[in-house]
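Scroll down for the structure; my scribbles are underneath it.
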Ligand SMILES: [Zn+2]
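In our numbering, the protein residues as written are 8 to 565.
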């Protein structure tokens, strides 16, 4: 580079700034609408341009300003759509020195006073242009008072005045202002369009750069032409256009193939490997946040591949990446991918705000590796329902022996699925009958009380004797209900040796006992003597003291 070259050097973003709508890339929809408006002379007096940084908002505003004021030849329409770039107005606007075209950065002039000064000048006729143009950049930064002052002018704009607003945050612009503007949403430029633009620029500049490097820059620019050209500038000035790894290092990017390796070790739960790839990338200059952004991008691609098997991903990726992605997609499930996505997204936020980003990123990877061994919700449900299939064993004729009750036979252990301890499990036969009533299984409830004698009760295993009045289906029904209510498998064993009593018989005996007990109570005895022939029909709870009295009386009587 000679001294002259250095003096004349302009950053690429400025040098290749579009001056006509033809040169504006990636905004075809907007250009078409503007073309129609100019063609039919139905132009709004206020425009608002929104979009992420570097997509061409202020560039578009300037082209509109020139199109409104161009006095060049070939004027078939009242207003020329594509400015000539040669007439006095075009040149002056291009060099940012036209008296009637004012460009204001709202970020540095937020106050109402500045806005009042601007608004006062609106009412003076243009000096040399056809139309006065006010370009206000970052309009969302204006104060409420400034917006209010502006609004009055927007409601009744003087003729020959056009406002063009630009903003990255359209949501912060009051609806009262928005409703008075023609709005254009400038889109992110697709990376393929950016790539061809970058190729064009490097050809014009006579720079040697390979396709891979161009595609790396285009993807890192995330749809912004200005960012793409700044990155290219940076790469050129560091001489990093010839080596892919140098370029990644310079731009703080992660190696996509290595992040895919990282993702694979996460899915297979290899914590050590995952951490070492992260550290290697970090040492090679990759920002942990960028690594996570890449991992998110790749998880998103994998998910798309999974749900749309015919998806063409070749354009965005090199051959290595796409074959790796295709292989990985085959072995992964959508629930696993969506869970990974959510965890990565949360991890990205944590990493961005953490005081030490690498540590935060490592913690997230450990969590991800750990999660890879956990079942997905669907797998969990499947496992549960598999382990709780109805399982009824009846052993008629088997005499219960204490030993057999304590330890189930090895065969039984093999066939039965482990019984899970749970809050839902009834702990006794009477709790079981209460559970039956709670679930409104009144027939089963009645059967359990009247037709069943409990031989043995332990969690997961109930041994019963059935009265002749019991329905044949009772053990099956009971096992099914218990499975539903407790989520566990219960063994219902039926013996044919009558032992003990049914609950109804027990209640009857208990009632008789209480009645007999009550009859011994001194108060009751005195009532009985006062009212001969009276019967004890209902017994209300006796106080502890009374019970003791009865006990004592009983003891004394012995
Ligand atoms: Zn012109």
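Glycine included, each C-beta is placed from N, C-alpha and C at the ideal position.
Query - Neighbourhood of residue 268 by C-beta, 7 Å cutoff - its chain only, sequence neighbours within 5 removed - result: 284
Report task. Please name the residue in 262, 316, 532 whose C-alpha comes closest to that of residue 290. Result -> 262
Query raised in the report: On the premise that residue 462 lies in contact with residue 375, defined as a C-beta separation below 8 Å, what is that separation, rounded to the nearest angstrom?
Result: With a Cβ gap of about 52 Å, residue 375 and residue 462 do not count as contacting.
Report task. Pick helix, strand or coil for residue 454, following the three-state DSSP scheme. Result -> helix
Report task. Please confirm if the segment 87 to 101 is in contact with the segment 20 to 37, defined as three or more CB-CB distances below 8 Å between the two stretches. Result -> yes
**Report entry** Rounded C-alpha distance that separates residue 209 from residue 299
**Finding:** 30 Å
Requested in this report: Just mark residue 58 as buried or exposed, buried being the case when its beta carbon has 16 or more other beta carbons within 10 Å.
Outcome: buried
**Report entry** Inter-stretch contact (C-beta, 8 Å, three-pair minimum) for the segment 187 to 204 and the segment 40 to 59
**Finding:** yes
Query - Residue from 31, 64, 159, 507 with nearest C-alpha to residue 90 - result: 31
Requested in this report: Taking residue 453 as the reference, give the member of 257, 474, 467, 164 with the closest Cα.
Outcome: 474
Report task. Check whether the Cβ of residue 78 sits closer than 7 Å to any heavy atom of ligand 1, and report yes or no. Result -> yes
Query raised in the report: Is there at least one non-hydrogen atom of ligand 1 closer than 7 Å to the beta-carbon of residue 25?
Result: no
Requested in this report: Indicate whether residue 138 and residue 41 have their beta-carbon atoms separated by less than 8 Å.
Outcome: no
Query raised in the report: If you run the structure through DSSP and keep just helix, strand and coil, what is residue 48?
Result: coil
Query raised in the report: Looking at residue 126 and residue 158, is the spacing between their C-beta atoms short of 8 Å?
Result: no
Query - Status (buried if at least 16 other CB within 10 Å, exposed otherwise) for residue 130 - result: exposed
Requested in this report: Kindly indicate which residue of 132, 22, 175 has the alpha-carbon position closest to the one of residue 64.
Outcome: 175
Query raised in the report: Buried or exposed: which applies to residue 460, given that a residue is buried once 16 or more other Cβ atoms fall within 10 Å of its Cβ?
Result: buried
Query raised in the report: Roughly how many angstroms lie between the CA atoms of residue 134 and residue 118, to the nearest whole one?
Result: 26 Å
Query raised in the report: Which of the three DSSP states, helix, strand or coil, is assigned to residue 477?
Result: coil
Query raised in the report: Quick one: what does DSSP say residue 470 is sitting in, helix, strand or coil?
Result: strand
**Report entry** Closest Cα partner of residue 223 within the set 232, 140, 496, 255
**Finding:** 255
Requested in this report: Please find out if some non-hydrogen atom of ligand 1 comes closer than 7 Å to the beta-carbon of residue 93.
Outcome: yes
Requested in this report: Compute the beta-carbon to beta-carbon distance between residue 205 and residue 227, rounded to the nearest angstrom, for a pair I have assumed lies under 8 Å.
Outcome: Going by Cβ atoms, the distance from residue 205 to residue 227 rounds to 11 Å, so no, they are not a contact pair.
Requested in this report: Only counting runs of 4 or more residues, tell me where the alpha helix (DSSP H) segments fall wholly within the segment 235 to 273, in order along the chain.
Outcome: 251 to 258
Report task. Would you identify the three-state DSSP class for residue 509, choosing helix, strand or coil? Result -> strand
Report task. Can you tell me which of 101, 102, 145, 151 puts its alpha carbon nearest to the alpha carbon of residue 120? Result -> 151
Query - Pair within 8 Å by beta-carbon distance, residue 593 and residue 333 - result: Within the shown structure, residues of the chain are numbered from 8 to 565, placing residue 593 beyond reach of any answer.
Query raised in the report: Sorted by chain position, which residues of the same chain lie with C-beta nearer than 6 Å to residue 177's C-beta, five sequence neighbours on each side aside?
Result: 57
Query raised in the report: What is the rounded straight-line gap between the Cα of residue 469 and the Cα of residue 429?
Result: 16 Å
Requested in this report: Identify the continuous alpha helix (DSSP H) that holds residue 289 and give its terminal residues.
Outcome: 278 to 290
Query raised in the report: If you compare alpha carbons, which of 132, 359, 433, 167 is closest to residue 485?
Result: 433
Query raised in the report: In terms of alpha-carbon separation, which member of 310, 21, 368 lies closest to residue 335?
Result: 310
Requested in this report: May I ask whether a heavy atom of ligand 1 can be found less than 7 Å away from the beta carbon of residue 90?
Outcome: yes
Query raised in the report: By Cβ distance, which residues of its chain are closer than 7 Å to residue 511, with the 5 residues on each side in sequence left out?
Result: 456, 457
Query raised in the report: Which residue spans inside the segment 340 to 374 form an unbroken alpha helix (DSSP H) run of at least 4?
Result: 341 to 360
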